[in-house]
Amino acid sequence: MAKYKPNNHGAFVCFDSQEEIEYSRINDDYCDCVSDGSDEPGTNACVNGKFYCETDRLTGYLPAGRVNDGICDCCDGSDEWAQKFPQVRMSENDQTKLGRYQSPCPNLCPEDV
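By UniProt numbering, the letter at position 59 of the sequence shown is numbered 59, and the numbering carries on one by one without gaps.
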């Protein structure tokens, strides 16, 4: 989650444009980082919004619409920080068989990440 922490000036830096915006404007449901939507990782305010899985080597970025949707996409579950439960709940056994997990997410990151 380091990419989402404030910089030395207490601001957020848009991923692509490197524009600084006030940190309070993160997830305010208004797209400030127009080129990449990085200021709205938990909303659908930006058409091209994305969320960065810091520990996930395979995917890296997810569409913002997949954040807090009840499905664990990042290996550490960081995309499901609100821990919302999906409307249809699979059994833990089925989740393991399919390799798709629902919130609350287990940490499945390799040890060396």
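Note that beta-carbon positions come from the ideal geometry of N, C-alpha and C, so glycine has one too.
Relative to the C-alpha of residue i, which residue among the options is closest?
i	options	result
L62	D69, G70, C53	C53
Y23	S17, S35, V34, N8	N8
S17	V34, R89, P104, Q102	V34
A82	I21, C14, C105	C105
G99	R89, C72, V88	C72
Roughly how far, in whole angstroms, is the beta-carbon of residue i from the beta-carbon of residue j, given that I think they are within contact range, below 8 Å?
i	j	result
I27	E40	Here residue 27 turns out to be Asn, not Ile, going by the sequence shown. At roughly 6 Å, the Cβ-Cβ gap stays under 8 Å, so N27 and E40 are in contact.
How many Å lie between residue i and residue j at the Cα?
i	j	result
Y4	G37	12 Å
P110	G42	25 Å
C46	G65	10 Å
V44	G70	What sits at residue 44 in the sequence shown is Asn, not Val. If I take the Cα positions, the gap works out to 15 Å.
N68	N107	16 Å
T96	D29	34 Å
D32	G10	16 Å
Exposed or buried, residue i, counting other C-beta atoms within 10 Å across all chains shown (16 or more means buried)?
i	result
K84	exposed
E80	buried
Heavy atom of the ligand SAM less than 7 Å from the Cβ of residue i, yes or no?
i	result
D39	Questions concerning the ligand SAM fall outside what the structure shown contains, since it holds no ligand whatsoever.
Would you mind listing the beta strand (DSSP E) stretches within the UniProt domain "Glucosidase II beta subunit N-terminal" (2-87) that are 3+ residues and don't spill past its ends, in chain order?
11-13, 20-22, 50-52, 61-63
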